[in-house]
């Protein structure tokens, strides 16, 4: 991050770039199953930015996403972030990921969920000293939320198998290769 860039501005820029990815993942959760007829008045076409609309693209239901759909998309995003988090993060990366969790607890679109996440963070401060620590912390925190919802607990020893690094050519997805998002100093 440049000396003149505000940390919040940096986070907002990062959120903007990630938003497209979240929307793409979210569309996978709400697709109409194949062979199921759609009502053209109740569905919208999903397409990537700058992609021409194609009638063969999947359709989704009209209206806002459900709390469950939003939750699944959010956990997909933050577990993927955890998998991509550097093994030796800089001070700025540690600060940014802690601030991201704090922002989620304040700005999450579901107020009840945001308030619960604030409580979870108070009892479980972010542990982001390395990729392994952050991924395990995320798994434990996700299990706290799952318990409160009566959902199954995920075995955290399998977190890397479930949420491993993205399959990107030449490690282009590694956060270490994207220092402009997190600052150029390795402190």
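Residue numbers (full-length UniProt numbering): 1 to 187. All residues carry an ideal CB built from backbone N, CA and C; glycine is no exception.
Hey, would you say residue i sits closer than 8 Å to residue j, going by beta carbons?
{"i": "residue 141", "j": "residue 159", "result": "no"}
{"i": "residue 127", "j": "residue 134", "result": "yes"}
{"i": "residue 130", "j": "residue 165", "result": "no"}
{"i": "residue 85", "j": "residue 97", "result": "yes"}
{"i": "residue 118", "j": "residue 105", "result": "yes"}
With distances taken from CA atoms, which of the options is nearest residue i?
{"i": "residue 70", "options": "123, 148, 114, 86", "result": "114"}
{"i": "residue 162", "options": "148, 77, 111, 62", "result": "77"}
{"i": "residue 137", "options": "65, 154, 110, 150", "result": "154"}
{"i": "residue 148", "options": "110, 122, 116", "result": "116"}
{"i": "residue 74", "options": "122, 132, 110, 156", "result": "110"}
{"i": "residue 157", "options": "144, 132, 145", "result": "132"}
Does the beta-carbon of residue i, which I'm using as the reference point, lie nearer than 7 Å to any heavy atom of the ligand FMN?
{"i": "residue 101", "result": "The model on display carries no ligand, and the ligand FMN is accordingly not part of it."}
Which residues mark the beginning and the end of the alpha helix (DSSP H) in which residue i is found?
{"i": "residue 106", "result": "91-107"}
{"i": "residue 147", "result": "131-148"}
{"i": "residue 119", "result": "111-123"}
{"i": "residue 83", "result": "67-84"}
{"i": "residue 159", "result": "159-162"}
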